[in-house]
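Everything below concerns the one structure shown next.
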Amino acid sequence: MYRLLLLRLYLTVSNTVSSQMNYAEKCAYILDVLTSHEYSWPFLEPVDPVALNIPTYFDLVKNPMDLRTMRSKLEQNLYTNPSNFRNDMILMFENAIVFNMDDSRDNSVRTLAQKLLQISLDLYDNVFEEPRVKVPAPSTTSVDYRLSADKESSWMTSVVDELCASAKEQKLWEHWKKYSFVARTNRQKRMRHRLYGNVSQTPLT
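Going by the numbering used here, 76 is the number at position 72 of the sequence shown; the sequence numbering is gapless.
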């Protein structure tokens, strides 16, 4: 309930102040809101594959994006229009969803990205007074991200399914099965099982 009220407050404030801002100020406001959100911690800085021990990150994510990079681009006037900013915002969350697609835990980066993606698009549409905007999904179709609340669950499932389909088309599925955290854990379990099995079968002397 608190989170819902907080989001409504953000949207109410955004409607009030948006008419008094230019597009760069509106983008800065959106970044401020996203940066302060409790789900934002995976997106605050550029991903460091070495520190996070994810050596395949740049094999899967060809165009990395994060909130600090977006703010830097905004300060350098590299966003020539709001659509460029919006595209980077979507890219940031899509990267996280695709790279972490095999982790469906409630607190996973993929889940946080899914939730924050919808929050950010709602916020953007309110700030820029765009009641309905379509975003190109990774496949060839477009997904309408501004759906009614009763369709929210099916909308999110559709988005994730399209991201997964796109990844498979890019022949990344086998790569994930080999290098993902789940795959590594399963290999370790099998190795321990084989080792323990060999030990149990070794005759005592």
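Virtual Cβ for every residue (Gly too), placed ideally from N, Cα, C. Quick caveat: nothing in here was measured; it's all calculated off a predicted structure.
- Shortest Cα-Cα distance from Glu98 to any of Thr73, Gln122 and Asp129 involves Gln122.
- Note on geometry: alpha-carbon atoms of Leu125 and Ile94 lie some 8 Å from one another.
- For Val51, the three-state secondary structure derived from DSSP is coil.
- Put simply, of Leu35, His41 and Ala100 the residue whose alpha carbon is nearest the alpha carbon of Thr115 is Ala100.
- In the three-state scheme derived from DSSP, where H, G and I count as helix and E and B as strand, Val113 is classed as helix.
- Leu38 is a Cβ neighbour of Ser44, given a cutoff of 7 Å.
- Non-local beta-carbon contacts of Ser112 in its own chain, meaning distances under 8 Å to residues more than five positions away in sequence, involve Asn104 in chain order.
- Taking the Cα positions, Val54 is about 33 Å away from Thr84.
- For Lys30, the enclosing alpha helix (DSSP H) covers residues Tyr27 to Ser40.
- Out of Asn130, Cys31 and Phe132, the CA that lies nearest to the CA of Glu79 is found in Cys31.
- The alpha-carbon separation between Asn88 and Met96 amounts to approximately 13 Å.
- By the criterion of a C-beta distance shorter than 8 Å, Phe47 is surrounded in its chain by Leu38, Asp70, Leu71, Met96, Phe97, Ala100, Ala117 and Leu120, once the five residues flanking it on both sides are discounted.
- In this structure, the straight-line span from the alpha carbon of Asn130 to that of His41 is close to 17 Å.
- In the three-state DSSP reduction, Gln80 falls in the coil class, being neither helix nor strand.
- Taking all protein chains shown into account, Leu56 has fewer than 16 neighbouring C-beta atoms within 10 Å of its C-beta and is therefore exposed.
- A distance below 7 Å separates the beta carbons of Pro86 and Phe132.
- With at least 16 other beta carbons inside 10 angstroms of its own, Arg90 counts as buried.
- DSSP places Phe132 outside both helix and strand once states are collapsed to three, so it counts as coil.
- By the 16-neighbour rule on beta-carbons within 10 angstroms, Leu82 is exposed.
- Residue nearest to Glu29 within the set Asp106, Leu64, Arg75 and Pro50 is Arg75 (criterion: CA-CA distance).
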